[in-house]
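Asks: Got a structure for you, questions after.
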């Protein structure tokens with residue numbers, strides 16, 4: 010379980026805090042989504058979790074232990090991060106890249122052992138990557154690259170995965186593939202999956218718990234039906250919209266309107 | 004293959020010169036056999052020169068590979084953080100003050116360290132390490148150093164200016180065993196650290212956030228690697244002046260040969276860099292013998308075509 014407790018973050022020179030007493034819990038076996046407009050503090054949450062953002066208040070905990078008291082390698086063994094953007098400047102074979110998920114386990118000198126190969130193979134099958142393992146990263150399409158990054162995170166072998174906008178630049182089929190995989194990781198593999206996303210309609214269909222951030226505070230939290238309410242979303246996103254029902258599965262679906 | 008290339012170029016480096024030797028003479032003389040003149044030439048003249056060249060090349064290759072990886076920039080090179088500018092300022096000042104020739108290397112080394120310190124200080128303005136800020140700081144320090152060199156050289160006599168320019172263009176002609184021992188010890192420590200940290204460079208090459216997600220304290224590891232790689236480069240500058248292009252080109256050669264993990268890239272770059280500098284030094288002292296060409300110019304002349312080929316492949 011990943012917990013943000015009353016987390017406050019201030020950037021030097023900013024008028025308001027990037028995050029103001031934000032509390033979010035992402036338990037195992039559940040897909041938790043954080044949504045909100047640009048600049049609402051979503052990515053700051055991820056940076057706080059990996060210790061690259063000092064907190065002005067509150068703490069981030071993993072199974073009750075504040076990450077500030079944990080060794081970074083110990084955190085990496087528990088939680089895998091898929092950052093928003095990453096480009097491989099120096100191309101590698103996919104297999105070598107996925108194997109880097111094992112670095113927190115093998116340290117500075119040890120080679121990959123049997124357990125590491127098992128984890129890598131499992132990650133490759135979950136992401137359906139076996140045929141790609143010998144390709145080079147610079148030959149992958151956007152969708153393939155995203156799956157490879159997910160595979161590296163799964164190979165890390167922890168009990169939680171945190172993803173920052175994993176479906177940016179992906180078409181519908183690839184977007185759906187990623188969400189199906191995340192749902193499987195949460196509900197079948199029983200990981201804690203914490204997802205930062207702009208895809209409100211997909212989040213409404215897949216996430217068990219949604220947190221809507223607005224200017225660094227929690228504007229709403231709960232199930233899709235509790236969070237996806239027209240008046241709340243209109244206020245947060247500053248755009249006229251209606252919330253209807255997804256005709257196929259009945260989840261709330263947001264439709265932005267043209268401005269008159 | 005790289006080991007063979009290094010052995011071959013070293014043999015050539017020892018054999019070629021005003022007193023030519025055959026490959027078997029070289030190997031005999033190395034172990035103290037054969038003509039006493041050959042043994043003396045090899046041990047006091049050729050061998051220190053070749054070993055110093057090899058050390059300089061190995062150090063520049065490793066430092067370049069480390070900076071390219073950690074900064075995620077294929078154009079990074081060992082002199083990036085102001086090492087070359089700072090060393091040139093230090094050396095020009097020493098020339099200007101009429102210091103004896105033995106004081107030029109320490110002056111260059113001091114100048115290089117001061118410049119790296121300054122670049123790091125400037126980039127420290129932010130709390131998180133951002134490679135782009137550091138690159139800009141290096142450029143600024145380099146530009147400042149260039150201006151300082153021109154100010155220093157402007158008032159000097161033509162002979163002193165010529166000496167300073169020759170020094171900047173790099174040479175291993177004055178190699179001696181004391182220099183070799185110093186650089187070998189120094190490079191073993193700093194190069195050894197980089198090799199030990201090679202997996203951290205693998206992670207940094209993915210980006211600071213991704214590296215942090217994989218358990219690396221990127222904000223500490225990255226500056227540590229920049230500093231040690233720059234210290235390694237600074238030592239080569241103190242020993243041989245500015246030997247351009249080796250640190251930029253050689254890591255690309257290592258990657259093109261299929262080495263991916265940075266530990267392998269560093270070792271391959273060290274071997275390839277050593278071969279390249281030894282070979283370039285052979286050319287530098289034979290093409291216009293008995294006059295010598297500046298070593299830094301020869302390495303650049305060899306390096307540019309290779310780099311162009313690499314750019315064409317990437318484009």
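Chains as they are written, first to last, in my numbering: chain A, 10 to 269; chain B, 4 to 318. Don't be surprised by glycine CBs; every beta carbon is placed ideally from N, CA and C. Here the structure is a predicted model, which is why all the values come from computation and not from measurement.
Which of the three DSSP states is assigned to residue 218 of chain A in this structure?
Replies: Your numbering for residue 218 of chain A matches position 209 in the first chain. In this structure, residue 218 of chain A counts as strand in the three-state DSSP scheme.
Asks: Buried or exposed for residue 17 of chain B, please, with buried defined as at least 16 other CB atoms from any protein chain shown within 10 angstroms of its CB.
Replies: Here residue 17 of chain B refers to the residue found at position 14 of the second chain. Counting the other Cβ atoms within 10 Å of the Cβ of residue 17 of chain B gives 16 or more, which makes it buried.
Asks: Per DSSP, which one or two residues make a beta bridge with residue 16 of chain A?
Replies: One-based indexing of the first chain puts residue 16 of chain A at position 7. DSSP, once it has assigned bridges, lists A:31 as partnering residue 16 of chain A.
Asks: Leaving aside the five residues before and after residue 243 of chain B along the sequence, list all residues of the same chain whose C-beta is less than 6 Å from its C-beta, in chain order.
Replies: Counting from 1 along the second chain, the entry for residue 243 of chain B is found at position 240. Answer for residue 243 of chain B: 59, 173 and 175, listed in chain order.
Asks: Have a look at residue 35 of chain B and residue 272 of chain B and give me their C-alpha separation to the nearest angstrom.
Replies: Counting from one through the second chain, the residue named residue 35 of chain B turns up at place 32. Counting from one through the second chain, the residue named residue 272 of chain B turns up at place 269. The straight-line gap from Cα to Cα measures roughly 31 Å.
Asks: What residues match up with residue 66 of chain A in a beta bridge as DSSP calls it?
Replies: Here the question's residue 66 of chain A lines up with position 57 in the first chain. Residue 66 of chain A is bridged to A:17.
Asks: Work out the CA separation of residue 70 of chain B and residue 390 of chain B for me, nearest whole Å.
Replies: Outside the displayed span of chain B (4 to 318) sits residue 390 of chain B, for which this structure offers no information.
Asks: Would you check if the region 53-68 of chain A and the region 17-25 of chain A touch, i.e. whether three or more CB-CB distances between them fall below 8 Å?
Replies: Touching, yes, given that three or more Cβ pairs across the two stretches are closer than 8 Å.
Asks: Distance check for residue 257 of chain B and residue 206 of chain A, CA to CA, integer angstroms please.
Replies: Within the first chain, numbered from 1, the residue matching residue 206 of chain A stands at position 197. Within the second chain, numbered from 1, the residue matching residue 257 of chain B stands at position 254. Taking the straight line joining both Cα atoms gives about 40 Å.
Asks: Taking 7 Å as the threshold (C-beta atoms), are residue 306 of chain B and residue 252 of chain B in contact?
Replies: Taking the first residue of the second chain as 1, we reach residue 252 of chain B at position 249. Taking the first residue of the second chain as 1, we reach residue 306 of chain B at position 303. Yes, they are a contact pair.
Asks: Let me know if residue 23 of chain A comes out buried or exposed under the rule of 16 or more other beta-carbons within 10 Å of its beta-carbon.
Replies: Locating residue 23 of chain A in the first chain gives position 14, where the first residue counts as 1. Residue 23 of chain A should be labelled exposed.
Asks: Express the C-alpha separation of residue 77 of chain B and residue 314 of chain B in angstroms, rounding to a whole number.
Replies: Sequence index remark: in the second chain, residue 314 of chain B carries index 311 (1-based). Sequence index remark: in the second chain, residue 77 of chain B carries index 74 (1-based). Whole-angstrom Cα-Cα distance: 11 Å.
Asks: Straight-line CA distance for residue 171 of chain A to residue 235 of chain A?
Replies: Position 162 of the first chain, counting from 1, holds the residue named residue 171 of chain A. Position 226 of the first chain, counting from 1, holds the residue named residue 235 of chain A. Taking the straight line from one Cα to the other gives about 23 Å.
Asks: Looking at the unbroken alpha helix (DSSP H) that takes in residue 212 of chain B, where does it start and where does it end?
Replies: The count along the second chain starts at 1 and reaches residue 212 of chain B at position 209. First-last of the alpha helix (DSSP H) with residue 212 of chain B: 211-216.
Asks: For residue 243 of chain A, which residues of its own chain have a beta-carbon under 8 Å away from its beta-carbon, when the five flanking residues on both sides are left out?
Replies: Residue mapping note: residue 243 of chain A aligns to position 234 of the first chain, counting from 1. Here residue 243 of chain A has 249 and 250 as same chain residues with Cβ atoms under 8 Å from its own Cβ, once five neighbours each way along the sequence are excluded.
Asks: Give the secondary structure of residue 22 of chain A by DSSP, where H, G and I count as helix, E and B as strand, and everything else as coil.
Replies: On the first chain, position 13 is the one that residue 22 of chain A refers to. Looking at residue 22 of chain A - three-state DSSP - the assignment turns out to be coil, as it is neither helix nor strand.
Asks: By the 10 Å Cβ neighbour count, where 16 or more other Cβ atoms means buried, how is residue 205 of chain B classified, buried or exposed?
Replies: Reading the second chain from its first residue, position 202 is the one you call residue 205 of chain B. By the neighbour-count rule (16 or more Cβ atoms within 10 Å), residue 205 of chain B is buried.
Asks: Please classify residue 265 of chain A as buried or exposed, where buried requires at least 16 neighbouring CB atoms within 10 angstroms.
Replies: Translated into the one-based positions of the first chain, residue 265 of chain A becomes position 256. The residue is exposed, with fewer than 16 neighbouring Cβ atoms inside 10 Å.
Asks: The beta strand (DSSP E) with residue 261 of chain A in it runs from where to where?
Replies: Indexing the first chain from 1 puts residue 261 of chain A at position 252. Taken as a continuous stretch (DSSP letters only), the beta strand (DSSP E) holding residue 261 of chain A covers 261-265.
Asks: If you scan the region 46-113 of chain A from start to end, which runs of the alpha helix (DSSP H) of 4 or more residues do you find wholly inside it?
Replies: 51-58, 81-87 and 103-108
Asks: Assuming contact is defined by CB atoms lying nearer than 7 Å, are residue 236 of chain B and residue 82 of chain B in contact in what I supplied?
Replies: Within the second chain, numbered from 1, the residue matching residue 236 of chain B stands at position 233. Within the second chain, numbered from 1, the residue matching residue 82 of chain B stands at position 79. At a Cβ-Cβ threshold of 7 Å, residue 236 of chain B and residue 82 of chain B count as neighbours.
Asks: Counting Cβ pairs, one atom from each stretch, are 3 or more of them under 8 Å apart for the region 183-193 of chain A and the region 221-234 of chain A?
Replies: The answer is no - the region 221-234 of chain A does not touch the region 183-193 of chain A, with fewer than three Cβ pairs under 8 Å.
Asks: Could you list which residues in chain A have their beta carbon closer than 8 Å to that of residue 258 of chain B, in chain order?
Replies: As a working note, residue 258 of chain B is residue 255 in the second chain. Per Cβ cutoff of 8 Å: 99.
Asks: Could you have a look at residue 84 of chain B and say whether DSSP puts it in helix, strand or coil?
Replies: Taking the first residue of the second chain as position 1, residue 84 of chain B is located at position 81. The answer is coil: DSSP assigns residue 84 of chain B none of H, G, I, E or B.
Asks: Quick one: is residue 59 of chain A near chain B, going by C-beta distance under 7 Å?
Replies: Translated into the one-based positions of the first chain, residue 59 of chain A becomes position 50. For residue 59 of chain A, the answer is yes, since a Cβ of chain B falls inside 7 Å of its Cβ.
Asks: Give every residue of the same chain whose Cβ lies closer than 8 Å to the Cβ of residue 228 of chain A, excluding the five residues on either side of it in the sequence, and list them in chain order.
Replies: For the purposes of this step, residue 228 of chain A is identified with residue 219 of the first chain, where counting begins at 1. Within the same chain, residue 228 of chain A has close Cβ partners 45, 221, 222, 241, 244 and 245.
Asks: Let me see if you follow: with CB-CB separation under 7 Å, is residue 202 of chain A close to chain B or not?
Replies: Residue 202 of chain A sits at position 193 when you count from the first residue of the first chain. Not an interface residue.
Asks: So residue 231 of chain A is in the beta strand (DSSP E); what residue range does that whole segment cover?
Replies: Looking up residue 231 of chain A in the first chain gives position 222. Residue 231 of chain A -> beta strand (DSSP E) spans 226-231.
Asks: How would you write the range of the alpha helix (DSSP H) that residue 239 of chain B sits in, first residue to last?
Replies: As a working mapping, residue 239 of chain B is identified with position 236 in the second chain. Note, residue 239 of chain B: alpha helix (DSSP H), 221-243.
Asks: Residues in its own chain within less than 7 Å of residue 196 of chain A by CB, not counting five upstream and five downstream?
Replies: As a position in the first chain, residue 196 of chain A is number 187, starting the count at 1. Excluding residues within five positions, the ones whose Cβ falls inside 7 Å are 38.
Asks: Cutting at 7 Å between CB atoms, please list the residues of its own chain near residue 280 of chain B, excluding the five before and the five after it.
Replies: Position 277 of the second chain, counting from 1, holds the residue named residue 280 of chain B. So the list reads 56, 57, 59, 60, 246, 249 and 302, once near-sequence residues are dropped.
Asks: List the residues of chain A that residue 293 of chain B touches, going by C-beta distances under 8 Å, in chain order.
Replies: In the second chain, counting from the first residue as 1, residue 293 of chain B sits at position 290. Those within 8 Å of residue 293 of chain B in chain A number zero; the least Cβ separation is about 44 Å.
Asks: Less than 8 Å between the CB atoms is what I'm expecting for residue 123 of chain A and residue 166 of chain A, so what's the real figure, rounded?
Replies: By 1-based counting over the first chain, the position of residue 123 of chain A is 114. By 1-based counting over the first chain, the position of residue 166 of chain A is 157. About 13 Å; that fails the 8 Å criterion.
Asks: Using 7 Å as the threshold, is the C-beta distance between residue 141 of chain A and residue 103 of chain A below it?
Replies: Counting from one through the first chain, the residue named residue 141 of chain A turns up at place 132. Counting from one through the first chain, the residue named residue 103 of chain A turns up at place 94. Yes, these two residues count as a Cβ contact at 7 Å.
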